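Trainee: A single structure is presented below for examination.
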Amino acid sequence: MATEGLNALKISDDKKKYIMDMLHPVLEEMVAETIHKMPKDPVPFMLEWLEKKKASEEDKLLSPEEKERLTKENEELLVKVNKIKGQVQEAAKMASEAQAAEEEEEEEDDEDDEPPPGWEVDQSNKARTSVSAEAYGEWNAKKAFVPPVLVKNEEQKTRLKACLTKSFLFSELDATDLSIVIGAMREVTAAADERIINQGDNGDFLFVIESGTLDCSIKMADSSEKVVKKCEAGDVFGELALLYNCPRAAPL
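As numbered in our numbering, residues 848 to 1099 make up the sequence shown, in order.
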């Protein structure tokens, strides 16, 4: 029937021969496979079938040596792909761990900002007290606050400025306020393993670290000390006692 239909077409004998010899075998095989599989969408199925058919025909033209070479190249490519996939997974894992560590550090910083234990306890027996109201008159005139000024050379001022601008407490100060803070600061040099502050002491000043690393500890129930944080250059410590008018919360 296919030949009879073909003879009815008004085309040259060369084209009829091409259809019968070249197209008909391929189309017949493709249609038979499509009917056998019955895909929901036959068009993608037939396109994929033609790609496989083409690859199969090209494969027949290869010599055994060429087949072996291509097989080896494919295996090497597969190894490289798996290696790259592993590197990507490892990088993703490291990024996830770094993000988790950063979030944990932020949580620890938030905890550090909380008032230390016992800050609400009455401090009436301490050197400094809080006053809710005070009357002023000629006998008790309120004097303007005059910040202390400790003499420093330009090299000391430059170092203090570089150190303070690393701290979140002072980084947003304008030039005038920063100059006042620098003028009131005093340089203290600490030796290795020296205790800077003791838990429970009165706190009337804070520290800004210019260089070095300090261990911030807490006292445990058995009187031992546990390091909970490391303070480094640019960090501020001792500010909680000033902010909440309470004793030092931890030794350092």
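From the three backbone atoms N, C-alpha and C, an ideal C-beta is built for every residue, glycine too. Computed from a predicted structure; not experimentally measured.
Tell me whether Pro1094 is buried or exposed, calling it buried when 16 or more other Cβ atoms sit within 10 Å of its Cβ.
Mentor: Taking the first residue of the sequence shown as 1, we reach residue 1094 at position 247. Burial call: buried.
Trainee: Since Pro1098 and Gln1046 are thought to touch, with beta carbons under 8 Å apart, how far apart are those beta carbons, to the nearest angstrom?
Mentor: Numbered from its first residue, the sequence shown carries residue 1098 at position 251. Numbered from its first residue, the sequence shown carries residue 1046 at position 199. With 8 Å as the limit, Pro1098 and Gln1046 qualify as a contact, their Cβ atoms being about 5 Å apart.
Trainee: DSSP state of Asp860, grouped into three classes?
Mentor: For the purposes of this step, residue 860 is taken as residue 13 along the sequence shown, with counting starting at 1. In the structure shown, Asp860 sits in a helix (DSSP, three-state: H, G or I).
Trainee: How long is the line joining the alpha carbons of Thr918 and Asp906, rounded to whole angstroms?
Mentor: On the sequence shown, position 71 is the one that residue 918 refers to. On the sequence shown, position 59 is the one that residue 906 refers to. Their backbone Cα atoms lie some 12 Å apart in a straight line.
Trainee: When we look at the beta-carbon of Lys1073 and count the other beta-carbons within 10 Å, is it buried (16 or more) or exposed?
Mentor: Against the sequence shown, residue 1073 aligns to sequence position 226. Exposed, since its Cβ has fewer than 16 Cβ neighbours within 10 Å.
Trainee: Lys837 and Ile1029 look like a contact to me (Cβ under 8 Å); what is the Cβ gap, rounded to whole Å?
Mentor: Look at the range of the chain in this structure, 848 to 1099, and you will see that residue 837 is not part of it.
Trainee: Within 10 angstroms of the Cβ of Val890, are there 16 or more other Cβ atoms? Answer buried if so, exposed if not.
Mentor: On the sequence shown, residue 890 is found 43 positions in, with the first residue counted as 1. Per the 10 Å Cβ criterion, exposed.
Trainee: Evaluate Phe1084 with the Cβ neighbour count: other Cβ atoms within 10 Å of its Cβ, from every protein chain shown; 16 or more gives buried, anything less gives exposed.
Mentor: Your numbering for residue 1084 matches position 237 in the sequence shown. Buried, by the Cβ-count rule.
Trainee: Spatial neighbours of Ser859 within its chain, please: C-beta separation below 7 Å, excluding the five flanking residues on both sides.
Mentor: Position 12 of the sequence shown holds residue 859. Taken in chain order, the list of residues that qualify is empty.
Trainee: Taking 8 Å as the cut-off, decide whether the C-beta atoms of Val996 and Ala1031 are in contact.
Mentor: As a first step, residue 996 must be located in the sequence shown, where it is residue number 149. As a first step, residue 1031 must be located in the sequence shown, where it is residue number 184. Against a cut-off of 8 Å, the Cβ pair of Ala1031 and Val996 comes out as a contact.
Trainee: Please report how far the alpha carbon of Asp1051 lies from the alpha carbon of Glu949, in whole angstroms.
Mentor: For the purposes of this step, residue 1051 is identified with residue 204 of the sequence shown, where counting begins at 1. For the purposes of this step, residue 949 is identified with residue 102 of the sequence shown, where counting begins at 1. Approximately 32 Å between the Cα atoms of the pair.
Trainee: Give me whichever residues DSSP pairs with Lys1066 in a beta bridge.
Mentor: Your numbering for residue 1066 matches position 219 in the sequence shown. Glu1072.
Trainee: Start and end of the alpha helix (DSSP H) containing Cys1093?
Mentor: Within the sequence shown, residue 1093 is the residue found at index 246, counting from 1. Neither: Cys1093 is in no alpha helix (DSSP H) and is coded neither H nor E.
Trainee: Within the continuous alpha helix (DSSP H) that includes Glu1002, where are the two ends?
Mentor: Here residue 1002 refers to the residue found at position 155 when the sequence shown is read from its first residue. Note, Glu1002: alpha helix (DSSP H), Glu1001 to Leu1011.
Trainee: So, Cys1078 versus Leu1090, is the Cβ gap smaller than 8 Å?
Mentor: Along the sequence shown, one-based indexing puts residue 1078 at 231. Along the sequence shown, one-based indexing puts residue 1090 at 243. No, these two residues do not count as a Cβ contact at 8 Å.
Trainee: Pick out whichever of Ala1039, Ala1037, Lys1004 and Thr1036 has its Cα sitting closest to the Cα of Leu1025.
Mentor: Counting from one through the sequence shown, the residue named residue 1025 turns up at place 178. Comparing Cα-Cα distances from Leu1025 to each of Ala1039, Ala1037, Lys1004 and Thr1036, the minimum goes to Lys1004.
Trainee: Only counting runs of 4 or more residues, tell me where the alpha helix (DSSP H) segments fall wholly within the region 888-927, in order along the chain.
Mentor: If we require 4 residues or more, the alpha helix (DSSP H) runs fully inside the region 888-927 come out as 889-907.
Trainee: Please report how far the alpha carbon of Arg1006 lies from the alpha carbon of Leu1087, in whole angstroms.
Mentor: Residue 1006 sits at position 159 when you count from the first residue of the sequence shown. Residue 1087 sits at position 240 when you count from the first residue of the sequence shown. Distance between the alpha carbons of Arg1006 and Leu1087: 24 Å.
Trainee: With distance defined between alpha-carbon atoms, name the residue in Phe1054, Asp1048 and Asp1040 nearest to Cys1010.
Mentor: Within the sequence shown, residue 1010 is the residue found at index 163, counting from 1. Nearest of Phe1054, Asp1048 and Asp1040 to Cys1010, Cα basis: Phe1054.
Trainee: Pick out whichever of Thr1023, Cys1063, Glu937 and Leu1020 has its Cα sitting closest to the Cα of Glu1041.
Mentor: Taking the first residue of the sequence shown as 1, we reach residue 1041 at position 194. The option with the nearest alpha carbon to Glu1041 is Cys1063.
Trainee: Within the same chain, show all residues whose beta-carbon is closer than 8 Å to that of Glu898, passing over the 5 residues directly before and after it, in chain order.
Mentor: Translated into positions along the sequence shown, residue 898 becomes position 51. Here the set comprises nothing.
Trainee: Roughly how many whole angstroms lie between the Cα atoms of Thr881 and Glu937?
Mentor: Within the sequence shown, the letter at position 34 stands for residue 881. Within the sequence shown, the letter at position 90 stands for residue 937. Straight-line Cα distance between these residues: approximately 43 Å.
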